[in-house]
């Protein structure tokens, strides 16, 4: 009886180990499937954003190429001295025309520049100031999106530089954007680029961080999201009545088991063994041999006797199948 109990316990431990290994394999398989689905979704979303940004860039490049080809874009690079604001408007046309003549190389361009009137130069200067203001607002908005800081007064947060000949105290540069002076942004362009910046994120961002966070969340919540797919074992126990034959059988067996246990613990072995002393000695000698595995077959009433190495290899083969 002791040998049977010990064999039953060992069999139970092996079964629990096999069940735990199978559940781990099932969880790993479900986790890989979930990761694959999320990876495909992230890849599709990223591809959509990349195509959208590429389309916007190509549209902007084509529009700029058409504008430069049709000579609708001019660069006014003027500079005021330390004079009053009332005289700036009067001197602006002359300075603007002089600047255009100085940077023009061909005779055709010189003749076209000489025909510029004062009213056209003033309107061009006013338009250039509006474009510079739009550039300033766009640059500040871009920095706000990249750094995540809040600017309470965007219109007043501008760079200042010292013009030649000095400047009045508190005077700010009308065009603080030093790196995009040659660009031409409309209100629609600035709105589109601000939207794209909120999607694109920072330039030095790590593209793998978001995916690593998703993998971490999947690993933490794998016990909640992954299931074994097997039907849970029933825990239902029927109520046994006093006149039920099953109840009578249960009481008789438990009484005999308690009786045998008490006799074995007290040293009064009233029962006789069904094996000879030589057979008992040979059976006990198998306990010291660790290279041999003796267990009941999964099907039928046969006894399996195998080499431990072959037995472990058979377990691995069945798990891989």
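In full-length UniProt numbering, the protein residues as written are 1 to 321. Just so it is clear, CB atoms sit at the ideal spot from N, CA and C, and this is done for glycine as well. None of these values were measured; they are calculated from a predicted model.
Nearest to residue 13 by CA position, among 310, 295, 303, 318, is which residue? Locating residue 13 in the chain shown gives position 13, where the first residue counts as 1. Closest by alpha carbon: 295.
Evaluate the contact criterion for the region 303-310 versus the region 277-294: three or more CB pairs, one atom per stretch, below 8 Å. yes
Which of the three DSSP states, helix, strand or coil, is assigned to residue 66? Residue numbering aside, residue 66 sits at position 66 when the chain shown is read from its first letter. Helix at residue 66.
Going by beta carbon distance, what residues of the same chain come within less than 7 Å of residue 214, once the five residues before and after it are set aside? Translated into the one-based positions of the chain shown, residue 214 becomes position 214. Correct list, in chain order: 38.
I need the straight-line Cα distance from residue 32 to residue 231, nearest angstrom please. The residue labelled residue 32 in the question sits at position 32 within the chain shown. The residue labelled residue 231 in the question sits at position 231 within the chain shown. One C-alpha to the other measures close to 22 Å.
Between which two residues does the beta strand (DSSP E) holding residue 294 run? The residue given as residue 294 occupies position 294 in the chain shown. Note, residue 294: beta strand (DSSP E), 292-296.
Pop quiz: residue 26 and residue 229 are said to be a contact at Cβ under 8 Å. What is the actual Cβ separation, rounded to whole angstroms? The residue labelled residue 26 in the question sits at position 26 within the chain shown. The residue labelled residue 229 in the question sits at position 229 within the chain shown. About 6 Å separates the two Cβ atoms, so the contact holds.
Cβ pair residue 329, residue 273 closer than 8 Å: The requested residue 329 is not part of the displayed model; the chain covers only 1 to 321.
Rounded to whole angstroms, what is the Cα-Cα separation between residue 46 and residue 36? Sequence index remark: in the chain shown, residue 46 carries index 46 (1-based). Sequence index remark: in the chain shown, residue 36 carries index 36 (1-based). So the alpha carbons of these two residues sit roughly 15 Å apart.
CB-CB length for residue 21 against residue 319, believed under 8 Å: Position 21 of the chain shown holds residue 21. Position 319 of the chain shown holds residue 319. Residue 21 to residue 319, Cβ: 7 Å. Contact.
Might you give, ordered along the chain, the residues of its own chain that have their beta carbon closer than 8 Å to the beta carbon of residue 5, omitting 5 neighbours on each side? Within the chain shown, residue 5 is the residue found at index 5, counting from 1. Cβ neighbours of residue 5 beyond the five flanking positions: none.
Range of the contiguous alpha helix (DSSP H) that encloses residue 303: Counting from 1 along the chain shown, the entry for residue 303 is found at position 303. Where residue 303 is concerned, there is no enclosing alpha helix (DSSP H), although the beta strand (DSSP E) it sits in stretches over 303-307.
Backbone CA spacing between residue 64 and residue 188 [nearest angstrom]: Along the chain shown, one-based indexing puts residue 64 at 64. Along the chain shown, one-based indexing puts residue 188 at 188. Looking at the two C-alpha atoms, the distance is approximately 14 Å.
Does DSSP put residue 26 in a helix, a strand or coil? The sequence position of residue 26 within the chain shown is 26, counting from 1. If DSSP states are grouped into helix, strand and coil, residue 26 belongs with the helices.
Looking only at its own chain, which residues have a Cβ that is under 8 Å from the Cβ of residue 3, when we skip the five neighbours before and after it? Against the chain shown, residue 3 aligns to sequence position 3. The answer, listed in chain order, is 283.
Separation of residue 308 from residue 277, as counted between CA atoms: For the purposes of this step, residue 277 is taken as residue 277 along the chain shown, with counting starting at 1. For the purposes of this step, residue 308 is taken as residue 308 along the chain shown, with counting starting at 1. Rounded to whole angstroms, residue 277 to residue 308 spans 28 Å at the Cα level.
So what does DSSP say about residue 273, is it helix, strand or coil? For the purposes of this step, residue 273 is identified with residue 273 of the chain shown, where counting begins at 1. Reduced to three states, the DSSP call for residue 273 is coil.
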